[in-house]
Amino acid sequence: MKRTILALACLSAVSLTALADNEKTKPDNTATNERDRSGETQTSGDQSNSQADLKITQAIRRALVKDSELSMTAKNIKVITTNGQVTLRGPVTTAQEKTKIDQLAKSAAGGAHIDDQLDVKGSY
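Adding 394 to a residue's 1-based position in the sequence shown gives its number in the working numbering.
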């Protein structure tokens, strides 16, 4: 009986330690969330439903997905087009990816203005 209680106590201690470690590694994105709620930045809800804007967003998204050099993080950025203006938002892994995405977007957007708000991981 004593061994069972001791084993349960040890198991509980290990579980609590693992849970505490998980809590420490969670990112604090409070500032990002506050920025997005402020109404001063474009979010996915601002995407226009006009045919022209949807076509631009679609072309950029296809170019990103097609590029095998981009990380999955980079391929999952937000592409928001409103009245012919494209906003790129989200994290990328390197400055080179940021540059590459900007080039791909400019090429695919057919002359639309690109607002590059991408963040290189670790720099925000």
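Cβ atoms here follow ideal geometry from the backbone N, Cα and C, with glycine treated the same way.
Beta-bridge pairing by DSSP links R483 to K472 and Q511. Under the three-state reduction of DSSP, D447 is assigned to helix. For the pair K460 and M466, the Cα-to-Cα distance works out to about 11 Å. Non-local beta-carbon contacts of Q479 in its own chain, meaning distances under 6 Å to residues more than five positions away in sequence, involve H507 in chain order. Counting only residues of its own chain and dropping the five nearest sequence neighbours on each side, A502 has a CB closer than 8 Å to the CB of I450, A453, I454, R456 and A457.
Put simply, of S462, E491 and L448 the residue whose alpha carbon is nearest the alpha carbon of G504 is L448. Inter-residue distance for S462 and S442 is about 28 Å (C-alpha atoms, whole angstroms). The alpha-carbon of K500 is positioned some 10 Å away from that of K494. Within the same chain, I454, A457, L458 and D461 come within 8 Å of L498 by CB-CB distance, once the 5 residues on both sides are set aside. In this structure, K472 places its C-beta atom within 7 Å of the C-beta atom of S438. If you draw a straight line from the Cα of T487 to the Cα of Q511, it comes to about 14 Å. Taken through DSSP and simplified to helix, strand or coil, L464 comes out as coil.
Where S501 is concerned, the enclosing alpha helix (DSSP H) starts and stops at A489 to A502.
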